[in-house]
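Undergrad: Next up is a structure, given as structure tokens.
Numbering (UniProt numbering), first residue to last: 1 to 302.
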């Protein structure tokens with residue numbers, strides 16, 4: 001009797017920042033000038049990497065498209081990502097660009113400050129996309145038709161090119177800004193036929209140049225401005241998903257927050273994985289909120 005063949009995990013291409021996350025965390029409330037005890041960690045991070053890690057935990061197979069230097073930090077980062085189960089075979093390696101880094105300080109009252117140094121990713125430009133245009137993973141004539149998670153650390157001109165490129169026309173695109181400061185880079189995807197925007201309430205306001213009382217109003221406004229679909233989070237308040245299916249709004253589980261860096265990326269990946277398992281907007285939102293709550297409470301290990 002033949003053994004039943006196992007169905008391979010759905011693949012997700014994660015495009016954007018993969019770098020070293022250097023995070024200082026303290027159990028104390030902090031303000032400008034605070035000097036407190038805590039812990040400092042260095043882990044593989046970046047929006048694309050955070051999404052890939054969470055996607056792998058949710059049952060997807062991540063393939064990373066990014067830029068990593070050939071410096072010692074880059075060699076170490078590539079090895080660490082590979083050990084975590086990431087497919088790094090399509091990463092652009094630069095001889096003259098250093099490996100990117102992100103540094104943040106978090107206290108009991110949340111994120112205090114952060115600096116993202118993704119200059120090498122920006123300088124690499126469209127070189128990271130070659131596998132999607134040279135036939136390796138797709139091309140303009142035979143575009144990749146799977147799931148792609150795209151982060152806003154890419155430059156605005158490159159994001160504009162992606163939004164208009166036939167090589168991305170068949171993909172199911174999920175787009176997230178790297179931070180509120182880069183939210184407006186997502187504007188080219190307002191009007192894209194297959195793109196879902198994953199933003200928080202502040203980022204939705206920046207994209208729409210308006211203030212919203214809640215995530216539902218923000219998600220509907222993004223759809224009105226041309227988004228095919230918009231998923232908006234608002235911390236411990238209700239998150240909302242608006243699109244052709246209408247609007248779904250749900251409260252996240254109440255948990256003690258112990259970390260915030262990567263929470264939005266974890267939510268997004270869990271939502272994408274749930275959607276890949278079956279198109280149920282309410283069920284996908286429930287699973288994504290539960291996964292993000294477990295992450296911020298420290299119950300999910302990186």
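Cβ coordinates follow ideal geometry from the N, Cα and C atoms, glycine included. Note that this is a predicted model, so its numbers are computed, not measured.
1. Please report the distance separating the alpha-carbon of residue 268 from that of residue 34.
2. Bridge partners for residue 151 per DSSP, in chain order?
3. Ignoring anything shorter than 4 residues or poking outside the region 236-283, list the alpha helix (DSSP H) runs there in chain order.
4. Using only the alpha-carbon positions, how far apart do residue 116 and residue 140 sit?
5. Could you please give the first and the last residue of the uninterrupted alpha helix (DSSP H) stretch that includes residue 165?
6. Give the DSSP-derived three-state secondary structure of residue 82 in the structure shown.
7. Over what stretch of residues does the alpha helix (DSSP H) that includes residue 223 continue unbroken?
8. Would you check if the distance between the CB atom of residue 243 and the CB atom of residue 260 is smaller than 8 Å?
9. So, does the region 90-104 touch the region 63-72, judging by three or more C-beta pairs under 8 Å?
10. Just mark residue 291 as buried or exposed, buried being the case when its beta carbon has 16 or more other beta carbons within 10 Å.
11. With a 10 Å radius around its C-beta and 16 neighbouring C-beta atoms as the bar for buried, classify residue 62 as buried or exposed.
12. Can you tell me whether residue 96 is helix, strand or coil according to DSSP?
13. If we ignore side chains and look at the alpha-carbon of each, how far apart do residue 205 and residue 14 end up?
14. Any idea if residue 49 is buried or exposed, counting beta-carbon neighbours within 10 angstroms, 16 or more meaning buried?
15. Judging by CA-CA distance, which residue of 31, 44, 37 is the nearest neighbour of residue 21?
16. Does DSSP put residue 109 in a helix, in a strand, or in coil?
17. Output needed for residue 147: all residues of its chain with C-beta closer than 8 Å, excluding positions within five of it in sequence on either side, in chain order.
18. How is the beta strand (DSSP E) around residue 199 delimited, first residue to last?
19. Tell me whether residue 49 sits in a helix, a strand or coil according to DSSP, three-state version.
20. Quick one: Cα of residue 1 to Cα of residue 293, how far?
21. So does the region 228-240 actually touch the region 192-204, counting three or more Cβ pairs closer than 8 Å?
22. Rounded to whole angstroms, how far is the Cβ of residue 36 from the Cβ of residue 28, which I believe are closer than 8 Å?
23. On a CA-only basis, which of 198, 212, 102 is nearest residue 151? Give me that one, please.
24. Starting from residue 123, trace the alpha helix (DSSP H) in both directions and tell me its first and last residue.
25. Quick check on residue 116: does DSSP put it in helix, strand or coil?
26. Between residue 133 and the rest of its own chain, which residues show a CB-CB distance below 7 Å, the 5 nearest in sequence each way excluded?
27. Start and end of the beta strand (DSSP E) containing residue 61?
28. Mind checking whether residue 53 and residue 84 have CB atoms under 8 Å apart?
29. Rounded to whole angstroms, what is the Cα-Cα separation between residue 246 and residue 278?
30. Please name the residue, chosen from 159, 295, 265, 296, that lies closest to residue 190 on a Cα-to-Cα basis.
31. Can you tell which of 23, 88, 270, 75 has its C-alpha closest to the C-alpha of residue 111?
TA: Considering the structure as presented:
1. Here residue 268 is taken as the residue at index 268 of the chain shown, counted from 1. Here residue 34 is taken as the residue at index 34 of the chain shown, counted from 1. The straight-line gap from Cα to Cα measures roughly 32 Å.
2. In the chain shown, the residue the question calls residue 151 occupies position 151. Beta-bridge pairing links residue 151 to 176.
3. 263-277
4. On the chain shown, residue 116 is found 116 positions in, with the first residue counted as 1. On the chain shown, residue 140 is found 140 positions in, with the first residue counted as 1. Cα-Cα distance, rounded: 32 Å.
5. The count along the chain shown starts at 1 and reaches residue 165 at position 165. Per DSSP, residue 165 belongs to no alpha helix (DSSP H) and is neither H nor E.
6. Taking the chain shown and counting its residues from 1, the one referred to as residue 82 is at position 82. For residue 82, the secondary structure class from DSSP, reduced to helix, strand or coil, is helix.
7. The residue you call residue 223 lines up with position 223 of the chain shown. Looking at the DSSP string, the run of the alpha helix (DSSP H) that includes residue 223 is 215-224.
8. Here residue 243 refers to the residue found at position 243 of the chain shown. Here residue 260 refers to the residue found at position 260 of the chain shown. No.
9. The region 90-104 is in contact with the region 63-72.
10. Taking the chain shown and counting its residues from 1, one reaches residue 291 at position 291. Residue 291 comes out buried.
11. The residue you call residue 62 lines up with position 62 of the chain shown. With 16 or more Cβ atoms within 10 Å of its Cβ, residue 62 is classed as buried.
12. Residue numbering aside, residue 96 sits at position 96 when the chain shown is read from its first letter. Residue 96 falls in the coil class under three-state DSSP.
13. Locating residue 205 in the chain shown gives position 205, counting from the first residue. Locating residue 14 in the chain shown gives position 14, counting from the first residue. In a straight line, the C-alpha of residue 205 is about 25 Å away from that of residue 14.
14. Counted from its first residue, the chain shown places residue 49 at position 49. Residue 49 comes out buried.
15. If you number the chain shown from 1, residue 21 lands on position 21. Nearest option by C-alpha distance: 44.
16. Walking along the chain shown from the start, residue 109 turns up at place 109. Coil.
17. Numbered from 1 along the chain shown, position 147 holds the residue referred to as residue 147. Contacts found: 10, 11, 12, 13, 60, 171, 172, 174, 272, 276.
18. Position 199 of the chain shown holds residue 199. Following the DSSP letters along the chain, one finds residue 199 inside the beta strand (DSSP E) bounded by residues 195-200.
19. Reading the chain shown from its first residue, position 49 is the one you call residue 49. Note: residue 49 maps to helix in three-state DSSP.
20. Start at 1 with the first residue of the chain shown, and residue 1 comes out as number 1. Start at 1 with the first residue of the chain shown, and residue 293 comes out as number 293. Summary for residue 1: the model assigns pLDDT 41, below 50, so the residue's position carries little reliability; its value from the coordinates is reported in the next sentence. Their Cα atoms are separated by approximately 44 Å.
21. yes
22. Stepping through the chain shown from its first residue, residue 36 is reached at position 36. Stepping through the chain shown from its first residue, residue 28 is reached at position 28. Confirmed, Cβ separation roughly 4 Å.
23. Locating residue 151 in the chain shown gives position 151, counting from the first residue. Minimum Cα distance to residue 151 is reached at 198.
24. Here residue 123 corresponds to residue number 123 of the chain shown, with the count starting at 1. Start and end: 119-124.
25. Along the chain shown, read from residue 1 onward, the residue named residue 116 stands at position 116. Here residue 116 sits in strand by DSSP.
26. Here residue 133 refers to the residue found at position 133 when the chain shown is read from its first residue. Annotation for residue 133: 139, 140, 167 place their beta carbon closer than 7 Å to its own, counting only its chain and skipping 5 residues before and after.
27. As a working mapping, residue 61 is identified with position 61 in the chain shown. Residues 61-65.
28. Here residue 53 refers to the residue found at position 53 of the chain shown. Here residue 84 refers to the residue found at position 84 of the chain shown. Yes, these two residues count as a Cβ contact at 8 Å.
29. In the chain shown, the residue the question calls residue 246 occupies position 246. In the chain shown, the residue the question calls residue 278 occupies position 278. Rounded to whole angstroms, the separation of the alpha carbons of residue 278 and residue 246 is 17 Å.
30. Counting from 1 along the chain shown, the entry for residue 190 is found at position 190. The option with the nearest alpha carbon to residue 190 is 159.
31. As a first step, residue 111 must be located in the chain shown, where it is residue number 111. The option with the nearest alpha carbon to residue 111 is 23.
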